[in-house]
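Working notes for the structure below.
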Amino acid sequence: MKIEGRDIELLLGYLGSELSAQETATLEERLMVEEPLRRQLLELSIEESTLIGWAKTERTLIALDNKAFEDLETPTFPTKSFFLQSPWLTAAAIFVALVGFATFVALDRKGNEPSALSVARLVASIDADWLSKAPLENEALPAGNYELAGGAIDLLFTDGARVSLSGPARFSLVSARHIHLDAGNLVAQIPDEALGFIVTSPQSEVVDLGTEFGLSVSHEGGTDVHVIDGLVEVLSRESGSGSPGVRISEGQARRFHHQPDSAPTEIPVSSRASLLGKESHDRLGVQMLRGSVRIADHLGAQDYVATREGQNWIKLIAEQTDVTLSEPLMVTLDTPGTYRKFTTTQILPPGSRVNSYLLHFRPSSGNQVRGVIRFDQPILGVICLSSHLGTSDSIFGIPSVDYPSAPSPRGLEPGPHFDEYLAKTGTTHFEPDEVILSQDRSVLCINANANPEGGYDQVRILTLAPPTTD
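Numbering (the numbering used here), first residue to last: 479 to 948.
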């Protein structure tokens, strides 16, 4: 059975919890009986748990018979993306642990200043407006006070916690396991190695016992706690450390008032998108990002040579817009399908009007990394070969990106000379890169591999430039 573009849209919407209840129920019924649809869901999935793994969890057993997935192979997926909130997929990733508070050191009741150690790294920034000197992307941030007037940022703490904030927000980085939010909104996504991560507000201490929660602190002093996935415990900062905490489970939210003696009240839970606001991707022609893809606005020399600890990111950089090709342009693929070998050449004709995007992947570990991007215009071509990337840099390059000045293996593998490379290096095993282009050409899924000792991958995506309006 051929998977149509509409089905891919539905599967991506399912992974991102963007479908209505009726659409979700209908798709799950189809997944029970349509093996190709399940296989396509496997290919688009960017969770660390396999479908077989999460199909055996208690929640999924209610909805599915395990035998429905016995015909599928068991792949290995990378670390869970906090962009994905599908109830099936997150079921396999909820970790519940009880964490003591005896070692908690805060910013805090005694008014102590945080230390000057670097505790987090700025890993993504969209239209960020800082009220002090703006940090660079990937810059290590010391403990201290910060204020964001607008935009959105992602922070990766050294213990693995990932925190997204939207401006306006006032916050303090206290330690590798503690952020203090004076005002504004944040969402914290906590891997198992960072369980016990603490977010404080003027009223509350929120200790993570699960995977994902959000905080909204008003300028008047109230704190709303929303548990998107997992479990948290909230302690009052006014009542003393011996007071009992309030546990809030997945799908619940509580408002903690600025009056110390007021009991918390139940409120409707908000989603990640509601807490952080709509991401400013639409101005770039990008409708959706999933997995390890992050918007970036520059690429420097350090992005080619430095091995960074922590999450592997695929950077998406918007290059030139509305470029009219004066000559034929060689691309690697221009037809919907799944590609695991990159040796052919297609031609975009002169007169084509395109927007250009560069994907850059410089790994910090040897794990395969996946990402999904949906554009608002059809994809006309994807350049995956090093030689074609080099010749097209002069057409689509922008000043904020350092492009390799000498020929280098920057494209996807296996390419046309990959057999020679294997013979020269004596390599006997490798995982091929993979690109999936949806039937309607709006969605691209990439599975990237690169040598963490110095390798990197780049891909250039060309979309149709939208009509200009006078």
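Glycine included, C-beta positions come from ideal geometry on N, C-alpha and C.
- Message: I'd like the list of long-range same chain contacts for residue 732, defined as Cβ closer than 8 Å, with 5 residues on each side in sequence excluded.
- Response: 702, 703, 712, 724, 726, 742, 743, 744 and 745
- Query: What's the gap between the Cα of residue 808 and the Cα of residue 828?
  - Reply: 11 Å
- Task: Can you check DSSP and say which residues form a bridge with residue 820?
- Result: None; residue 820 has no bridge partner.
- Message: Tell me which residue opens and which closes the alpha helix (DSSP H) that residue 500 is part of.
- Response: 499-511
- Nearest neighbour of residue 791, chosen from 810, 842 and 778 [CA to CA]: 842
- Query: Can you tell me where the beta strand (DSSP E) with residue 848 in it begins and where it stops?
  - Reply: Residues 847-853.
- Task: Can you check the segment 622-655 for any alpha helix (DSSP H) of at least 4 residues that lies completely inside it and give the ranges in chain order?
- Result: none
- Message: Across the segment 815-829 and the segment 928-938, are there enough close Cβ pairs to call them in contact, namely three or more that are closer than 8 Å?
- Response: no
- Identify, in the order they occur along the chain, each residue of the same chain with its Cβ nearer than 6 Å to the Cβ of residue 579, setting aside the five sequence neighbours on each side. At residue 579, the pLDDT of 25 sits below 50, so the modelled position is not reliable; the number obtained from the coordinates is stated separately. Contacts found: none.
- For residue 835, name the three-state secondary structure that DSSP assigns. strand
- Alpha carbon to alpha carbon, how far is residue 867 from residue 667? Give it in angstroms, no decimals. 35 Å
- Query: Taking the C-alpha atoms as reference points, what is the distance between residue 642 and residue 799?
  - Reply: 29 Å
- Check whether the Cβ atoms of residue 880 and residue 754 sit closer than 9 Å, and answer yes or no. no
- Message: Does residue 612 pass the burial test, meaning 16 or more other C-beta atoms within 10 Å, or should it be called exposed?
- Response: exposed
- Item | Buried or exposed (CB count within 10 angstroms, at least 16 for buried), residue 944 | exposed
- Message: Can you tell me whether residue 484 is helix, strand or coil according to DSSP?
- Response: helix
- Message: So for residue 944, helix, strand or coil by DSSP?
- Response: Residue state, collapsed to three classes: coil.
- Task: With a floor of 4 residues, list each alpha helix (DSSP H) that falls wholly inside the segment 723-754, ordered by position along the chain.
- Result: 750-754
- Item | Residue from 875, 870 and 862 with nearest C-alpha to residue 910 | 862
- Message: Does residue 806 come out as helix, strand or coil in the three-state DSSP assignment?
- Response: coil
- Task: Give a yes or no on whether the C-beta atoms belonging to residue 618 and residue 599 are separated by under 9 Å.
- Result: yes
- Query: What residue from 698, 873 and 659 has the CA that sits closest to residue 684's CA?
  - Reply: 659
- Beta-carbon separation of residue 484 and residue 918 under 9 Å? Contact: yes.
- Query: When the Cα of residue 708 is compared with those of 688, 603 and 722, which residue comes out closest?
  - Reply: 688
- By the 10 Å Cβ neighbour count, where 16 or more other Cβ atoms means buried, how is residue 614 classified, buried or exposed? exposed
- Message: Here's the rule I'm using: 16 or more other beta-carbon atoms within 10 Å means buried, otherwise exposed. How should residue 729 be labelled?
- Response: exposed
- Task: Kindly list the residues whose CB is nearer than 7 Å to the CB of residue 815, restricted to its own chain and excluding five residues on each side of it in sequence; keep chain order.
- Result: 915
- Specify the secondary structure class of residue 935 as computed by DSSP and reduced to three states. strand
- Query: Rounded to a whole number of angstroms, what is the C-alpha to C-alpha distance between residue 674 and residue 665?
  - Reply: 15 Å
- Message: Our contact map puts residue 601 next to residue 623 with C-beta atoms below 8 Å; I'd like the distance itself, whole angstroms only.
- Response: About 20 Å separates the two Cβ atoms, so there is no contact after all.
- Could you tell me how far apart the beta carbons of residue 597 and residue 679 are, in whole angstroms, since I believe they sit closer than 8 Å? 18 Å between Cβ atoms; not a contact.
- Message: Please classify residue 927 as buried or exposed, where buried requires at least 16 neighbouring CB atoms within 10 angstroms.
- Response: So residue 927 counts as buried.
- Message: For the alpha helix (DSSP H) containing residue 869, name the first residue and the last one.
- Response: 864-874
- Message: What would DSSP say about residue 518, mapped onto helix, strand or coil?
- Response: DSSP, reduced to helix, strand and coil, places residue 518 within a helical segment of the structure shown.
- 6 Å Cβ shell around residue 931 - same chain, five flanking residues per side excluded: none
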